[in-house]
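Trainee: Quick note: to get the numbering used here, add 1 to the position in the sequence shown (first position is 1).
Here a beta-carbon is modelled for each residue, glycine too, at the ideal position from N, C-alpha and C.
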Amino acid sequence: TSVGPWIVTQNFGTRQASEPQLVGVVIDDADGDGVYDAGEGLSGVRVTAIAADGGAIALINCESRILGVAFDDNTAAGDGGAIYRAAGLFSEHPSMVIGSCQFTGGAAERGSDLFVSDSAAPAVFVNNVVRAGGTAVTPIWADGSGRAAGFLTLANNTIVNDPAAPGFALVLESNGSRVFNNILVGFGPNPVAGTPLSDIRFNLFDGLTPGDQRFDATNIVGDPMFVDAEAGDYHLSSASPAIDAGSNELIPRDHLDGDGDLNTFETLPVDRRLALRIIAANGGGTATVDLGAIEFDPAADPTSCVADFTGDNRLDIADVVLFLQAFGAGCP
């Protein structure tokens, strides 16, 4: 089987398992798969314009940790044994964590950016930005019917279909999939297909079918109000309904040690940029996590409203009072 320019294989039996890492690697226009990874550890890599069964990476019977990787224009043509039907990432039997990655322009029969097969171990997809490519694209496909809770966890991701077109952001064939604190927009009123037994809470969609019992009241519908979605800037503007709309209790643990403190059992403290994950938008009170991959930081927000004198991220009579007080005081 042709697997392209990089082959990384874990040792089995009585030998010690390898922990391969690829750092700062560019794989451009490869004819085969970009990486065949049966070990663990991948960071700081850009995988670009690959056309083959399995897309950029195939993960087989291994633990895998993938942090800060860009997957651009990866394509899976179709079947191919253990490496098939997934662009960006295909995973079979993994204990897999993918964090702070970027996916753009993927294409495949199932899972244009991530396909996770029937798996005995949990997989976590967190703090990622996915920009899908329009019609007939399903970025994430979980194939694992009947698995226990926690088979696939999707948390604090921003998944955008651009251009917007009816379709599925997620196909969840696993009864145990969990979908928390995400933004999923551009897919129309039926963004999720599959089992009704998935746990889907605290997400923002731009459309839902009325009466769909899979989505409780913690899920909201609206415009995420990105700073510049057309240019691929998915930071939240100051008026976004995604700000402070998540659940702190549903943030996964810091599997990838994003803050580098060697504590992987703490609640994940960083966002897509590896910046602070929970910031109080109003500058006080209880800080609540935002939806999506990128936390809103009012101190660094260029779109903040100049009329918001109280700094509470809304305009009301309190702002008028402060303005009049300042106006009445005059200039020095």
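Quick one: what does DSSP say Leu323 is sitting in, helix, strand or coil?
Mentor: helix
Trainee: Compute the beta-carbon to beta-carbon distance between Asp291 and Ala243, rounded to the nearest angstrom, for a pair I have assumed lies under 8 Å.
Mentor: Confirmed, Cβ separation roughly 6 Å.
Trainee: Which residues share a DSSP beta bridge with Gly100?
Mentor: Note: Gly100 is bridge-paired with Leu68, Val127 in the DSSP secondary-structure output.
Trainee: For Leu237, is the classification buried or exposed, using 16 other Cβ atoms within 10 angstroms of its Cβ as the cut-off for buried?
Mentor: buried
Trainee: Mind checking which residues open and close the beta strand (DSSP E) that includes Asn191?
Mentor: Premise fails: Asn191 is in no beta strand (DSSP E) and is neither H nor E.
Trainee: Here's the rule: buried if 16 or more other CB atoms are within 10 angstroms of the residue's CB, otherwise exposed. What is Thr159?
Mentor: buried
Trainee: If you measure between the beta carbons of Asn182 and Phe203, is that distance less than 7 Å?
Mentor: yes
Trainee: Expressed to the nearest angstrom, what Euclidean distance is found between the alpha-carbon atoms of Asn129 and Ser101?
Mentor: Answer to the nearest angstrom: the Cα atoms are 5 Å apart.
Trainee: Residues in its own chain within less than 7 Å of Ile318 by CB, not counting five upstream and five downstream?
Mentor: none
Trainee: Assuming the contact rule is C-beta atoms closer than 8 Å, Val222 and Gly208 should be a hit. Round their C-beta distance to whole Å, please.
Mentor: 6 Å
Trainee: Does the beta-carbon of Thr154 have 16 or more other beta-carbons within 10 angstroms, so that it is buried, or is it exposed?
Mentor: The residue is buried, with at least 16 neighbouring Cβ atoms inside 10 Å.
Trainee: Leaving out five residues before and five after Ala165 in sequence, what residues of the same chain have Cβ atoms less than 6 Å from its Cβ?
Mentor: Gly187
Trainee: Measuring straight from C-alpha to C-alpha, what distance separates Leu199 and Gly168?
Mentor: For the sequence presented, residue 199 should be read as Ser rather than Leu. Roughly 18 Å between the two C-alpha positions.
Trainee: Hey, out of Ala300, Phe266, Arg254, whose CA is closest to Ile280's CA?
Mentor: Ala300
Trainee: Under 6 Å: does the beta carbon of Asp213 sit that close to some heavy atom of the ligand MG?
Mentor: The ligand MG is not part of the structure shown, which contains no ligands of any sort.
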